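Remarks on the structure that follows.
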């Protein structure tokens, strides 16, 4: 054998691209390279090395199709190595109901709780509505006021939920996961939904955000009464679902630096975002801390009209979100 194809490492495979290599056994071989095709196709695509003096040649294959098996063989002038190696590209995972067109309700503690989705149970998106609906208020609702496409978006409206002095500030919020229970007036959440092994490089979305001055503040937050509220959207790929508890005596919040976080990205708005009466495009690049993890992955997406809603701190801020999507390489 003059040129031998190498097995393709999982770490070198993405959704639309892959790094494939071949070993040169015979230094006199002319124009060594590889050829590849989608399995089942009859047409090969060839790539030749620009540095045939090397004992190893590598090729970055691009414009591949997601979740597709490819075959690779090593070649040279007048030579084809019949050994075939295979690899399968990663999925192009799409965020469910990312345009927030589908809405339904589910029963929680005797209340009909609105959520983005279909059916009578949350399967991807949840919010703090299960808690706020105890006072017959929904902080996260379907809206047709500002949309990027379709007929609706999601509106996150921070507000005081209660009657008179009895109640608590609740941030307009949205997350991938489930609202487990209410502990007193505090939420117990489980963030994260299963996703196939893939490596999104950024999330794109459309938003309109209008902060208000902080009217409610508790210790632990970096904002005080009178400060301008802030909004946030963040994304994480993790190795597990994450328990979230907002009760001050038993608080457990998300830690972007935890070992279970494989990738993370965030945007924080400390002022208006989006033109008046319109949504603007935003991007959140994902920084991968561990791209070689080979187990079950989970996706966490969180949006809040009040950055410190976990600490029950914020004002009457409003965020609209629409058309979230991942970009892959």
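Residue numbers (my numbering): 2 to 330. Heads up, the beta-carbon is just placed ideally off N, CA and C, and yes, glycines get one too. Computed from a predicted structure; not experimentally measured.
For the candidate residues 330, 323 and 166, whose alpha-carbon lies nearest to that of residue 157?
323
Let me check understanding here. Comparing Cα to Cα, which of 189, 141 and 93 lies closest to residue 201?
93
Can residue 90 and residue 65 be called in contact, C-beta distance under 7 Å?
yes
Answer yes or no: do residue 177 and residue 301 have a C-beta to C-beta separation smaller than 7 Å?
yes
Where residue 130 falls: helix, strand or coil (DSSP):
helix
CA-CA distance, residue 347 and residue 261?
The shown model of the chain, from 2 to 330, leaves out residue 347, and the question about it has no answer.
Give the straight-line distance between the Cα atoms of residue 149 and residue 275, rounded to the nearest whole angstrom.
11 Å
Taking the CB atoms as reference points, tell me whether residue 114 and residue 130 lie closer together than 7 Å.
yes
Expressed to the nearest angstrom, what Euclidean distance is found between the alpha-carbon atoms of residue 49 and residue 32?
6 Å
Residues bridged to residue 209 by DSSP?
321
Where residue 107 falls: helix, strand or coil (DSSP)
strand
Closer than 8 Å is the cut-off here; do at least three beta carbon pairs connect the segment 159 to 171 with the segment 308 to 321?
yes
Locate the beta strand (DSSP E) running through residue 71, then write down its first and last residues.
70 to 77
Between the segment 97 to 112 and the segment 63 to 81, do at least 3 Cβ pairs fall closer than 8 Å?
no
Nearest to residue 216 by alpha carbon, out of 225, 208 and 210?
225
Which residue comes first and which comes last in the beta strand (DSSP E) that contains residue 62?
57 to 62
For residue 2 and residue 21, which I take to be in contact (beta-carbon distance under 8 Å), what is that distance rounded to the nearest angstrom?
With 8 Å as the limit, residue 2 and residue 21 do not qualify as a contact, their Cβ atoms being about 17 Å apart.
Suppose only complete runs of 3+ residues qualify. What are the beta strand (DSSP E) ranges in the segment 117 to 195, listed by chain order?
141 to 144, 154 to 158, 160 to 164, 167 to 171, 174 to 184 and 187 to 192
Quickly, what does DSSP pair residue 112 with across the bridge? List them, please.
109
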